[in-house]
Amino acid sequence: MTTTTYRSICGEASLPYIDCDRCIRAIYARIQHYLQQDPGDCPICNYFRDKIGSRDGTESDARLLLHAQVNVVYEIFARHHDQEALALLERVEDDCC
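Going by my numbering, the first residue of the sequence shown is number 60, and it counts up by one from there.
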């Protein structure tokens with residue numbers, strides 16, 4: 060199965076391609092991890108629970124929802140000082156959304 064990325068459309072062969080679908084699922088998994096850790100007093104987590112529910116990133120609109128909520132996702136990762144997730148989010152935003 061071929062995955063289309065922004066970079067592959069632009070034809071920048073020297074740049075490494077990423078598997079957008081796999082990366083988006085990884086971001087959703089990280090979001091769900093932080094939502095499960097929240098005792099219920101984080102307004103950003105409550106907002107995001109309403110937006111994504113139990114989604115895991117495999118849904119047909121997962122990329123669109125991630126793109127629309129990128130600032131909220133950034134805030135969740137930043138609050139947890141999750142540099143790896145922030146880097147992945149930036150890469151997905153650049154290459155996939």
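By construction, the Cβ of each residue, glycine as well, lies at the ideal position given by its N, Cα and C atoms.
On a Cα-Cα basis, can you pick out the residue from the options that is closest to residue i?
i, options, result
"D113", "G99, A146, C79, Q95", "Residue identity differs from the one stated: residue 113 is Ser in this sequence, not Asp. Taking only the C-alpha atoms, the option nearest S113 is Q95."
"V151", "I135, L123, C101", "L123"
"H92", "A146, F107, Y76", "F107"
Buried or exposed: residue i, going by 16 or more other Cβ atoms within 10 Å of its Cβ?
i, result
"R89", "buried"
"G99", "exposed"
"A144", "buried"
"D109", "exposed"
"D115", "exposed"
Are residue i and residue j closer than 9 Å when you measure CB to CB?
i, j, result
"C82", "H126", "no"
"R84", "T117", "yes"
"Y87", "I103", "no"
Leaving out five residues before and five after residue i in sequence, what residues of the same chain have Cβ atoms less than 8 Å from its Cβ?
i, result
"V129", "L148, E152, C156"
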